[in-house]
Every structure is written in structure tokens, then in C-alpha cells.
Amino acid sequence: MKDGSTPPRRLTLAQAINVEDVRSIFARKVPTAVRDFIDGGGEDEVTVRRNRGAFEAIEFRNRPLTDASTRTLSTTLLGTPITAPLVLAPVGLASLAHPLGERAAAMAAASSGIVSTLSSSSCWSLEDVADAAPGAPKWFQLYVWRDRAISADVVARARAAGYTALVVTVDVPVGGRRERDLRNGFTIPPRPTWRHTGDVIRHLPWVARFAWDEMFGHGLTMGNFGGRTAVTQRLAFMDRVNSRFDPGMTWDDLEWLRSLWDGPMVIKGITNADAAREAVARGMDAVWVSNHGGRQLDGLPATIDVLPEIADAVDDRAEVYLDSGIRRGTDIVKALARGARVCMIGRPYVYGLAAGGQAGVEKVIELLVKELDTTLALLGCASVDRLDESWLRSAPARR
Ligand code: FNR
Numbered sequence: 168m169k170d171g172s173t174p175p176r177r178l179t180l181a182q183a184i185n186v187e188d189v190r191s192i193f194a195r196k197v198p199t200a201v202r203d204f205i206d207g208g209g210e211d212e213v214t215v216r217r218n219r220g221a222f223e224a225i226e227f228r229n230r231p232l233t234d235a236s237t238r239t240l241s242t243t244l245l246g247t248p249i250t251a252p253l254v255l256a257p258v259g260l261a262s263l264a265h266p267l268g269e270r271a272a273a274m275a276a277a278s279s280g281i282v283s284t285l286s287s288s289s290c291w292s293l294e295d296v297a298d299a300a301p302g303a304p305k306w307f308q309l310y311v312w313r314d315r316a317i318s319a320d321v322v323a324r325a326r327a328a329g330y331t332a333l334v335v336t337v338d339v340p341v342g343g344r345r346e347r348d349l350r351n352g353f354t355i356p357p358r359p360t361w362r363h364t365g366d367v368i369r370h371l372p373w374v375a376r377f378a379w380d381e382m383f384g385h386g387l388t389m390g391n392f393g394g395r396t397a398v399t400q401r402l403a404f405m406d407r408v409n410s411r412f413d414p415g416m417t418w419d420d421l422e423w424l425r426s427l428w429d430g431p432m433v434i435k436g437i438t439n440a441d442a443a444r445e446a447v448a449r450g451m452d453a454v455w456v457s458n459h460g461g462r463q464l465d466g467l468p469a470t471i472d473v474l475p476e477i478a479d480a481v482d483d484r485a486e487v488y489l490d491s492g493i494r495r496g497t498d499i500v501k502a503l504a505r506g507a508r509v510c511m512i513g514r515p516y517v518y519g520l521a522a523g524g525q526a527g528v529e530k531v532i533e534l535l536v537k538e539l540d541t542t543l544a545l546l547g548c549a550s551v552d553r554l555d556e557s558w559l560r561s562a563p564a565r566r
């Protein structure tokens with residue numbers, strides 16, 4: 168992935184043939200501060216780069232002449248059938264990319280037959296998003312509030328609105344230092360300054376649409392942050408996270424949450440075997456291996472590198488998922504071969520949102536699914552269920 172560069176061509180969504188193409192449309196359409204908020208990572212962004220480098224270092228072992236005429240991509244996720252091993256990860260403030268943000272993403276996931284996860288830091292309320300895709304399987308992601316009564320209330324609302332699994336993210340005790348946001352003076356709600364004048368002029372369509380949406384009360388209302396009212400206090404995103412969520416959360420608090428939620432529960436943000444073992448011992452149904460797309464602790468390993476030891480530690484007692492750096496169907500195949508049941512995407516579908524709302528997200532899902540299908544055919548593997556380490560060559564150490 169190229170980083171921060173101006174795309175060479177003015178592609179349309181219809182012309183996009185891969186996630187990077189959709190990213191170039193996104194980069195053109197949104198103001199710089201929004202692009203940096205979405206694309207950026209913690210401090211030196213070492214983990215962001217490592218996530219890509221680690222996938223690229225893995226090599227395949229194909230099996231020619233084994234009849235690749237039909238491929239099965241469908242699987243199940245906590246018992247729910249899905250058309251492909253792909254899930255939309257929770258992304259806070261997704262409506263920065265498109266006014267319908269989280270609702271459009273939920274609709275795209277539903278029409279594609281996959282699962283979407285709503286962030287605790289969403290702009291639309293969890294009820295609005297549930298109403299956008301009634302009947303479709305949806306997960307809710309929780310950050311635990313300093314005020315436990317608010318967490319308990321949000322969990323009850325998620326249950327009442329029909330979310331089927333609760334995802335507890337544990338890698339944000341505090342907000343990571345995302346230096347691009349600090350330099351851009353990125354706040355919620357956004358505040359244009361004289362420094363941003365050129366950017367505002369270049370992105371008038373975005374600014375106008377955003378202002379229109381604000382007027383009608385949907386823009387950045389951050390519905391799940393406890394209430395359904397607009398954000399009135401302007402704060403840096405990191406400060407907002409730090410003022411609301413509890414850095415003192417422990418494994419015992421996870422068990423408290425477990426007692427509030429009677430459905431399946433997923434722990435998100437695990438990058439080593441010890442934490443995975445503890446999560447299973449505390450009653451988690453799934454372990455979501457994630458370094459938050461490199462946005463939190465810079466210096467964490469690439470998730471694909473730690474996946475095998477985590478899958479071993481979990482040993483089929485819970486499902487194992489992976490995200491952080493998935494940009495190609497080949498990445499999904501590599502993760503499944505190393506023990507993940509499904510992969511999640513964050514930034515790629517936000518690129519789609521900016522490029523074309525629901526249709527843009529559908530396009531990103533479609534591109535990744537096509538790549539996944541082609542990869543299986545080229546490998547000579549008839550089904551995602553058959554993927555294991557035997558389809559990979561141990562990569563030589565050259566990173
Ligand atoms: C995120 N992510 C995230 N995770 C979470 O549990 N709650 C959240 O509110 C957010 N918010 C958020 C905002 C933005 C802009 C991004 C890019 C990511 C992390 C997300 O769920 C996922 O772990 C990563 O995005 C996966 O990496 P890729 O696919 O973006 O490389």
C-alpha cells in the first residue's frame with residue numbers, strides 16, 4: 168500500500184479493480200485530516216507497515232491439476248451462515264467518510280451475506296443502525312465506560328436492538344498517540360481553521376454534505392456514547408476516548424460483562440497466546456486477533472505472525488479471527504491457512520464508504536471475495552474449510 172500519495176488517475180468506483188484503487192478515490196474525496204484519521208496509526212506506524220510486510224513475506228504452496236472448477240467460500244460464524252469468511256470490523260466515526268456511514272456499512276454487509284460490527288464510537292445510534300438492516304446478523308462492539316452503569320445500559324440496548332454477539336475491545340485502555348491527528352489538530356466535531364482553508368475549498372462537496380447532515384442532527388452525534396444527543400464539547404479524539412473509557416479494566420470486569428450478556432461474546436485485540444488462553448478461561452466464545460490496524464500500541468507484532476501460536480493456545484475451544492492489514496484475497500487465504508476462521512476489514516470498507524456509500528462497501532466486499540475465489544482456484548483448493556498450513560511455504564527470513 169502506498170501511503171499518503173496523490174493517486175495518479177481519477178478513477179471512478181466502477182473502474183476500481185482492487186482495494187488500493189478504492190483507497191485512491193477515498194483519498195481524493197475526503198479532507199486531509201479525515202484521510203489521516205482513517206489511514207493513520209500509532210507513533211511511527213511501524214506496526215501499520217509490519218501488518219502488510221508480514222502478509223507479503225508468506226509464500227503459497229499450490230497443488231496443480233487437482234480440479235479447481237468449483238470453490239466453496241461460505242462458512243459459519245458463531246453458528247451463523249455467511250457467504251464468505253469476511254466481517255466488517257467496528258470503525259468509530261465511519262460517518263466522516265459518508266453521511267450514512269455505519270448504516271450504509273450494515274446494509275452492504277447484509278446485502279453481501281456477511282456480518283458487520285458496529286463500533287461503540289459510531290455516529291449513528293445503535294438502534295438506527297439495527298433498523299437499517301433488520302434481520303441481518305450484526306455484532307456490537309463495546310468499549311467499557313468509566314461509569315459502569317452506562318456500559319450496562321449500552322449492553323442492554325444492544326441486546327434489545329437485536330445485535331447477536333458482543334465484541335469487547337481490550338487494546339484501548341487509552342487512545343494511542345496518532346501523530347497525524349495531533350499535527351492536523353483533528354477534533355470531534357471537526358473544526359476548520361485558516362490552516363485548513365485550502366483543504367476546505369478542495370473538498371467543498373464533502374464539507375457541504377457534512378454541514379447538511381449536521382443540520383439534520385445526524386452528523387457525529389456519536390449516538391452510542393451514552394445518549395443520542397449531538398456532541399457539544401470539542402475535543403481531540405484521543406482526549407474524548409480517554410475521558411470516557413476506563414483504563415482500569417481487568418479480566419474480572421470481563422467476567423462481569425459476561426454476566427450481563429447471554430449471547431456469544433468475542434474479545435478483540437489479542438496478540439499473544441497467554442492473553443488468548445486467559446480469554447478462553449474467562450468464557451469468551453471467540454478470540455479476535457488484532458493490533459487495531461496498528462493504531463494503538465506501535466511495535467506490536469503483525470497479527471498474521473502471532474496467529475499460529477494463538478490458534479494453538481485456543482485449541483478449538485473458541486473461534487479465532489484475524490484483522491489488521493487485510494487488503495487482498497490472498498491475505499485472507501493466508502490467515503485462514505494459519506488458523507483463522509474469518510478475517511475482518513476496517514479501513515478497506517471505509518474507503519468504499521467514501522467512494523460510494525453502500526455501493527462502495529459492496530464493491531470492496533465483492534473485490535475481496537473475487538480475489539479470494541481466484542486465489543483458491545490458483546492454489547487448487549476447493550473450499551475455505553480445507554485451508555491449513557500445508558498450503559503455505561515457511562517464508563524465508565528476509566524482512
Ligand atoms: C478502528 N478500529 C476500531 N476498533 C474497535 O474495536 N472500535 C472502534 O471504535 C474502532 N475504530 C476505528 C476507527 C478507524 C478509523 C479505524 C481505521 C479502525 C479498529 C478496527 O476495528 C480494526 O481492528 C482495524 O481497522 C483492522 O485493520 P485494517 O483492516 O484497517 O488494516
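Add 167 to the 1-based position in the sequence shown for the working numbering, that's all there is to it.
Cβ coordinates follow ideal geometry from the N, Cα and C atoms, glycine included.
Would the beta-carbon of residue i be found less than 6 Å away from any heavy atom of the ligand FNR?
i	result
D490	yes
S410	no
A256	yes
G259	yes
H370	no
R514	yes
T336	yes
S288	yes
Q463	no
I205	yes
H459	yes
Q308	yes
Could you check which residue in the options has the C-alpha nearest to that of residue i?
i	options	result
F412	D366, G342 and W418	G342
P252	V487, S557 and G547	V487
L520	R190, G450 and S550	R190
G246	I281, G496 and T438	I281
R324	V296, R350 and R344	V296
D419	L267, H363, G450 and H459	G450
R494	A485, Y518, G329 and D472	Y518
V186	A549, D498, D465 and A446	D498
G506	V473, D298, D465 and D441	V473
G466	K196, D211, V201 and I192	D211
R484	L464, W455, W306 and V447	V447
D490	F227, G220, T199 and V254	V254
D552	G268, A303 and L240	L240
S410	D298, G209 and P340	P340
I184	H363, S550, D555 and L535	L535
D338	E422, D320 and N458	N458
A549	F193, P231 and V374	P231
V213	N351, E346, I249 and A194	E346
P301	A378, M274, A194 and A526	M274
Using beta-carbon positions only, say whether residue i and residue j come within less than 7 Å of one another.
i	j	result
V500	Y516	no
G461	V215	yes
K435	T331	no
A522	W558	no
E294	A316	no
A221	A469	yes
D537	L180	First, the residue type needs correcting, since residue 537 is Lys and not Asp in the sequence shown. Not closer than 7 Å, so no.
A271	G524	yes
A440	V454	no
R631	G496	Since the displayed the chain opens at 168 and closes at 566, residue 631 lies outside it and no answer follows.
F404	I355	yes
P431	D452	yes
T199	D366	yes
A277	A319	no
S289	E269	yes
My understanding is that residue i touches residue j, with C-beta atoms under 8 Å, so please give their C-beta distance in whole angstroms.
i	j	result
I532	S283	Contact doesn't hold; Cβ gap of about 10 Å is too wide.
V509	L244	6 Å
V334	P257	7 Å
G209	L464	6 Å
I want to see whether chain C comes within less than 7 Å of residue i, judged by CB atoms only; does it?
i	result
E422	Reference to chain C is not applicable here, since this structure consists of a single protein chain.
Check whether the stretch 417-430 and the stretch 468-488 are in contact - that is, three or more C-beta pairs closer than 8 Å. no
How do the stretch 258-270 and the stretch 203-218 stand: do at least 3 beta-carbon pairs fall below 8 Å, yes or no? yes
Contact the stretch 545-565 vs the stretch 231-240: 3+ CB pairs below 8 Å: yes
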